[in-house]
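Everything below concerns the one structure shown next.
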Amino acid sequence: MPHFSKTLLTCLAVFVSSVALAQNVAKPPVGGTYQEIKTWHERLLTTAPSLSQRQAGMRAVVRSGPLGQRGLQRIFNNFEGRLALDPRIPGVERNARLLASSSKSQRKGYVREVLYAANIHADRRFELIEMGRKLDRPWGKTDADILFRHKKTARVVRLEVKDYSLRSQVTNEAKLKHQISKMTKEARLTGEQQVWINRRSVTPEIHRYATRRGVMVLSNVGTGRQLPIGTTRFADALTRIERSVAPTPASTSRWSIQGGFPVVRLATVNSNNLVRRAAAAPALRHGIVRASSGRSAWGSVSNRLSNSQAPRIASGLALATATIFAADLATDWMEYRRGMISSVRMWQIATAKSAIAASAAGGGYAGATVCGLATANPWASAGCGLAGAAAGGALANWSFGGLLKSDTAKEISRYRRDALKLRYGI
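All the letters of the sequence shown, read from the start, carry residue numbers -22 to -1, 1 to 404 under mature numbering (1 follows the signal peptide of the UniProt record, and there is no 0).
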């Protein structure tokens, strides 16, 4: 009994202290400095608040900063309706807290990021994953402004939010190109679709440089109710992004057929056409394996190949393999129809050749996956995939091919002897 009483008193003391701590952080320092607002918000989060309390904390942070109640209501609609944000998503609360920054330029940038994130969160086609993810790569440290997923294809998109004037782009051209190069390497490593979005127009040089490296560029994008002529609404920009990660069946089929030529004769293609068609790479992945919880291994590799000729080679390999398998099986079917092989033998051949094709596909899958994860190089991934397919097919052919060839030859020889006997009455 005394032990129970001590436990009860301890729980009561913890409850009272948590209530007192919550009361201490219940009122934000309105009009205070950013550091004071940040300290208050961090103390609030240590009290394990509920979802509604965290949402109220986000509103209090914006209301207490330079934007005030008017900015909270006019810009973010009080984080309600289509501009509602879930504070449980990583990075959302941190970015919302930076809306109270004392730096006007920094505050302006985070207003745009939070508005973009809120619109993505409200769009049923996408799922907001994270904001401001820190990236530590061999090519340098950086961060991903917004990460979201296209629900239908499970393709992850990284959105880099910028507000560079034309003059600033010319002045900082080397810096921007370096950032875009990092995005290209990130795409090869993670398979994420990279999007560089700017509030103003983009110079032809920056646009051309990014497009050649597989980075999608969106310019003159705004979120206001009344936008100037020539400005693209962010909802329309999201539609363009969706088209880049989920191409139509017609364009996918056309791309796959055209992709067979590099396999047959290793033809080089125009780089501009390549960049435009490389967006079809996720559809190849989507047609083979539908990812259910993010990104499958094959999806990661096929997405990773979307910045070079490798996706065309991979698609052409799949098309050529299917064509050869179908033609070979058609030949066996004709021999069966002519009576050259029995129905049992026909099914044995079909089963064995299906095993060979499956083994080749598995070898290609394994080779492309391992090489892609190890090197993040599209050509190396494609080469390893071809080598793996050849090795898998050779192994299965070694197991079944000799027996099938021998038995089929015997049946054809027997058919010819029977035809000869029937002809001459032997």
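Even for Gly, the Cβ is constructed at its ideal location relative to N, Cα and C.
Pairing Pro206 with Gln31, the inter-Cα distance amounts to about 38 angstroms.
In the three-state reduction of the DSSP assignment, Trp325 falls in the helix class.
Spanning the alpha carbons of Tyr142 and Gly9 requires a straight line of approximately 30 angstroms. Contact annotation: Asn198 and Ser179 have beta-carbon atoms nearer than 7 angstroms. Under the three-state reduction of DSSP output, Lys119 falls in the strand class.
Put simply, the segment 167 to 175 touches the segment 122 to 136. At least three CB pairs are less than 8 angstroms apart.
The Cβ atoms of Lys16 and Arg75 lie closer than 7 angstroms to each other. Close CB contacts of Met161 within its chain, under the 6 angstroms cut and outside five residues either way in sequence, are with Gln172, Val193 (chain order). With a 10 Å radius around the Cβ and a threshold of 16 neighbouring Cβ atoms, His128 comes out buried. Under the criterion of beta carbons closer than 8 angstroms, Leu45 and Ile53 qualify as touching, at roughly 7 angstroms. Using a 10 angstroms sphere on the CB of Ser79, the tally of other CB atoms reaches 16 or more, which defines it as buried. Ranked by Cα distance from Ser337, the first of Ala369, Lys82, Gly361, Gln326 is Ala369. Residue nearest to Arg136 within the set Lys130, Lys112, Lys153, Pro116 is Lys112 (criterion: CA-CA distance). Each residue's CA atom was taken as its position, placing Cys349 and Ala372 some 20 angstroms apart. Close CB contacts of Gln33 within its chain, under the 7 angstroms cut and outside five residues either way in sequence, are with Phe57, Pro65 (chain order).
Ala95 sits buried, since 16 or more C-beta atoms from the chains shown fall within 10 Å of its C-beta. In the displayed model, Gln51 falls within a helix according to three-state DSSP. Assignment of Val8 by DSSP, reduced to helix, strand and coil, places it in the coil class. Minimum Cα-Cα distance from Pro116 among the listed residues Lys163, Glu105, Ser81 corresponds to Lys163.
For the pair Cys362 and Leu196, the Cα-to-Cα distance works out to about 34 angstroms.
Put simply, the backbone Cα of Ala26 is about 11 angstroms away from that of Glu20. The beta-carbon distance between Arg37 and Leu29, rounded to whole angstroms, is 13 angstroms. This is too long to meet the 8 angstroms contact definition. Shown here, Gln13 sits in a helix according to DSSP, grouped into three states.
Residue pairing for Arg203: DSSP places it in no beta bridge. Residue pairing by DSSP places Glu105 opposite Arg127 in a beta bridge. The residues His19, Leu23, Arg32, Gly35, Met36, Pro65, in chain order, have a CB closer than 8 angstroms to that of Glu71 in the same chain once the five nearest residues on each side in sequence are set aside. For Val223, the enclosing alpha helix (DSSP H) has its first and last residue at 212 to 223. Secondary structure note for Val70: its alpha helix (DSSP H) is the uninterrupted segment 70 to 75.
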